[in-house]
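*Asks:*
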Amino acid sequence: MSVLSESLSLHKIVKKHYLSLSKGTECQVTYVWIDETKENLRCKTRTLSGEPAGIRDIPEWSDTWSDGDLIEVTLVPVRMFRDPFTLDPNKLVLCEVFDSRHVPIGSNQRSPCVKVMGEVKEFQPWFGMEQEYMLFGLDGKPFGWPPQGLQFTRVPCAVGINKVYGRDICICHYRACLYAGVKIDGTNAEALASQWEFQVGPCEGTELGDNLWMARYILHRVCEDFGVVASLDAKPIEDSIYTSGCHINFSTKEMRGEGGLQYIEEAIRRLSNRHSQHIRVYDPHGGLDNMRRLTSQRATSSFHDFSTATARRNVSVRIPAHVSCRGCKYFEDRRPAANCDPYSVMRALVETCLLGATGENDDEGKETMAS
Ligand code: ADP
Ligand code: MN
Ligand code: MN
Ligand code: MN
């Protein structure tokens with residue numbers, strides 16, 4: 003065991019003593035927000051005199067932001083969770099970021115998402131996302147991989163110490179999310195050993211984005227405790243055909259009801275006319291990450307062309323076999339990269355499938371498309 007990992011595990015034992023100290027009625031609230039990179043999270047904690055009953059009891063706060071200049075931004079609490087690290091009554095609170103004039107700042111894609119979801123409320127749009135991630139050691143190498151590289155077959159959902167690395171992270175993250183009140187609905191091992199997936203959903207509207215971002219925050223914190231790093235890079239191993247995505251599953255009230263398949267097919271027809279616009283918002287770098295990822299190899303589709311099929315995974319949009327059998331439920335857009343912003347992805351889907359777009363060849367574009 004290296005000196006570094008020894009001292010990491012020592013900290014965890016010593017920490018237990020301090021967390022067992024009583025602390026009166028004060029409540030520790032950790033503010034969590036998306037920073038200017040559009041993919042990294044930050045947090046800081048403050049003491050409130052009592053336990054907040056709801057989000058309205060948690061005051062706004064401020065932080066400094068480097069946007070060329072150092073500017074002051076306002077953190078506005080939007081959704082509260084239980085803190086699975088320091089336990090009840092402490093809270094984790096997801097925040098939106100605004101500038102000094104109370105305008106949502108560039109990386110704040112939640113604000114426009116809330117607005118669009120308000121316009122399509124009667125459709126009752128549900129979303130579920132499948133977050134894939136890859137674990138790395140502090141040395142920057144894939145966590146647990148033998149020095150000679152991987153020798154075994156790469157299959158998802160594998161079992162065995164010689165096939166998957168880091169299951170403890172997956173298990174602990176799952177439990178921590180359930181404690182927090184994050185709507186996690188499953189996990190599985192992925193194709194690269196030390197690559198994992200968790201699913202969040204189904205949730206209505208913006209709530210999905212809030213839950214996914216908090217699940218990402220909890221993942222990074224659990225990884226701190228284990229001394230590993232979770233990467234949401236779309237292509238974590240540059241010379242491998244295996245990649246990390248964040249598939250989004252989408253349905254409306256009509257799609258979920260009897261005869262829903264015709265609404266699913268209509269939505270997919272609309273999506274087929276706006277492929278390039280969606281690709282631009284399905285990673286935080288305007289499509290550059292997906293250009294590396296979507297190579298048509300190994301369960302990925304083409305970066306350039308739209309495709310769809312039932313019960314096949316190397317396509318842009320898939321109708322799951324069970325959906326085709328029952329004739330209703332939901333469809334899956336497999337294009338979002340692991341580091342995508344769920345608010346932008348949900349907004350793009352709703353704008354194309356439910357608002358405005360006629361579905362005729364308008365791929366060149368609506369100005370309002372999420373960016
Ligand atoms: P896959 O077969 O693509 O690996 P998963 O089982 O990993 O699928 O994920 C399925 C996702 O679909 C989950 O995130 C779940 O929340 C979501 N989901 C289930 N039902 C619905 C629905 N009616 N509308 C939208 N999403 C749904
Ligand atoms: Mn999945
Ligand atoms: Mn997967
Ligand atoms: Mn999927």
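With the working numbering applied, the sequence shown corresponds to residues 3 to 373, in that order. The beta-carbon is built from N, C-alpha and C at its ideal position, and this holds for glycine as well. From a predicted model like this one, the values you see are computed outputs, not experimental measurements.
(1) Could you tell me the alpha carbon to alpha carbon distance between F138 and G261, rounded to whole angstroms?
(2) If you reduce the DSSP assignment to three classes, tell me which class N251 lands in.
(3) Can you tell me where the alpha helix (DSSP H) with I281 in it begins and where it stops?
(4) For ligand 3, is there any heavy atom lying closer than 6 Å to the beta carbon of E334?
(5) Let me check understanding here. Comparing Cα to Cα, which of V122, G130, R44 and R169 lies closest to M136?
(6) Please classify I53: does DSSP put it in a helix, a strand, or coil?
(7) Report, in whole angstroms, the separation of the C-beta atoms of Q188 and Q197, which I expect to be a contact under 8 Å.
(8) Considering just the uninterrupted stretch of the beta strand (DSSP E) at C29, what are its terminal residues?
(9) Tell me the residue span of the beta strand (DSSP E) that contains G329.
(10) Cβ-heavy atom distance between E132 and ligand 2 below 6 Å?
(11) Just checking E199 against ligand 3 - is the residue's beta carbon closer than 6 Å to any of the ligand's heavy atoms?
(12) Beta carbon of R349, beta carbon of V118: below 7 Å?
(13) Between the segment 228-239 and the segment 289-303, are three or more C-beta pairs nearer than 8 Å?
(14) Three or more C-beta pairs closer than 8 Å, one from the segment 173-190 and one from the segment 81-96: is that the case here?
(15) What residues in its chain sit with their C-beta under 8 Å from that of E62, if we drop five residues either side in the sequence?
(16) Taking contact to mean at least 3 C-beta pairs separated by less than 8 Å, is the segment 334-353 in contact with the segment 105-125?
(17) What is the rounded straight-line gap between the Cα of T360 and the Cα of A182?
(18) Which term fits Y167, buried or exposed, when burial requires 16 or more other beta carbons within 10 angstroms of its beta carbon?
(19) Let me check understanding here. Comparing Cα to Cα, which of G70, E98, R328 and V325 lies closest to I57?
(20) Please report how far the alpha carbon of E353 lies from the alpha carbon of K331, in whole angstroms.
(21) Reducing DSSP to helix, strand and coil, say where P204 ends up.
(22) Would you identify the three-state DSSP class for E362, choosing helix, strand or coil?
(23) So, with DSSP's three-state summary, where would you put S318?
(24) So, do the segment 258-277 and the segment 201-221 have three or more beta carbon pairs nearer to each other than 8 Å?
(25) Who pairs with M136 in a beta bridge, going by DSSP?
*Replies:* So, from the data block:
(1) So the two alpha carbons sit approximately 45 Å from each other.
(2) Secondary structure of N251 (DSSP, three-state): strand.
(3) Segment H277 to V283, the alpha helix (DSSP H) holding I281.
(4) No, Cβ of E334 sits at least 6 Å from all heavy atoms of ligand 3.
(5) Of V122, G130, R44 and R169, the residue nearest in Cα terms is R169.
(6) With the sequence shown as reference, residue 53 is identified as Glu, and Ile is not the correct amino acid for it. Correct three-state label for E53: coil.
(7) Note that residue 188 corresponds to Gly in the displayed sequence, not to Gln. Contact doesn't hold; Cβ gap of about 16 Å is too wide.
(8) DSSP places C29 inside the beta strand (DSSP E), whose first and last residues are C29 to I36.
(9) That residue, G329, is in no beta strand (DSSP E); it is neither H nor E in DSSP.
(10) Yes, ligand 2 has a heavy atom inside 6 Å of this Cβ.
(11) It does: the Cβ of E199 is within 6 Å (strictly closer) of some heavy atom of ligand 3.
(12) A distance below 7 Å separates the beta carbons of R349 and V118.
(13) Contact holds: three or more Cβ-Cβ distances are below 8 Å.
(14) Judged by Cβ distances under 8 Å, the segment 173-190 makes contact with the segment 81-96, as three or more pairs qualify.
(15) The beta carbon of E62 sits closer than 8 Å to those of T76, L77, V78 and P79, all from its chain and outside the five residues before and after it, given in chain order.
(16) The segment 334-353, when compared against the segment 105-125, does touch it at the 8 Å Cβ threshold.
(17) Here T360 scores only 48 on pLDDT, less than 50, and its place in the model should not be relied on; the value that follows carries that caveat. The alpha-carbon atoms of T360 and A182 are separated by roughly 41 Å.
(18) Result: buried.
(19) Per the C-alpha coordinates, the member of G70, E98, R328 and V325 positioned closest to I57 is E98.
(20) Going by C-alpha positions, E353 is about 20 Å away from K331.
(21) It is a strand residue.
(22) At E362 the pLDDT is 46, less than 50, meaning the model places this residue with poor confidence and gives no usable figure here.
(23) In the displayed model, S318 falls within coil according to three-state DSSP, outside both helix and strand.
(24) No, because fewer than three Cβ pairs between the segment 258-277 and the segment 201-221 fall closer than 8 Å, the two stretches do not touch.
(25) Looking at the DSSP output, M136 bridges to Q197 and S233.
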